[in-house]
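A short write-up of the structure that comes next.
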Amino acid sequence: MSTTFNTAVSALFIALAKKVGVGVSSLHEQALQDAGLPCTLYLSDEGPSWALRVNMKILMLSSSDIKRWRELVYVEKPRAASLCSSDDEESELDEQELAERRILERIISELRQAVVGRLNSAPQETKWIWKEQVMIVDVVLSSFKR
């Protein structure tokens, strides 16, 4: 995929995140750019891709944690049976993942509204393209209901 396309898609992801109330700093934007992960949705996706979930995790990092995003994003989570893991740590991880998931669902819902707006204003001969895009977003949104 071209860098220009990825940059535009990342900019849309950031704009939608800001719209739903995520505080995105220039450090967050730089971390997303450094990560270089796509923010795309495909019909074959049964839910948000790993890359999209990682991008969400990066945006949700605090200003004190964003500088060490690589360590926080790519570190393997402790297992429940691990001696160094406590129930409180497990619960904290679960709560953070749940918060990231909720915000990501709101971002994708905002995307759906924007795509439906394009569908409604599109000429009849191009509506099929936008209907296809709505279908892709709906498939991903349906994964949040499971």
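All letters in the sequence shown, in the order written, are residues -17 to -1, 1 to 129 by mature numbering (1 follows the signal peptide of the UniProt record, and there is no 0). Ideal Cβ positions, reconstructed from N, Cα and C, are used throughout, including at glycine. Remember, it's a predicted structure, so these values are computed and weren't measured experimentally.
The DSSP-derived three-state label of Gly30 is coil. For the set Asn103, Asn38, Glu78 and Leu124, the Cα lying nearest the Cα of Phe(-5) is the one of Asn38. Contact between Leu(-2) and Ile90 is confirmed by a C-beta separation of about 5 Å, below the 8 Å threshold. The shortest C-alpha to C-alpha distance from Asp121 to any of Asp17, Tyr25 and Lys40 is the one to Tyr25. Ala(-10) and Asp77 have their alpha carbons spaced roughly 31 Å apart. For the pair Ile86 and Ala14, the Cα-to-Cα distance works out to about 18 Å.
Classified as buried, Ser(-8) has 16 or more neighbouring CB atoms from the shown chains inside 10 Å of its CB. The C-alpha of Ser47 is placed about 17 Å away from the C-alpha of Val58. Around the beta-carbon of Pro106, fewer than 16 other beta-carbon atoms lie within 10 Å, marking it exposed.
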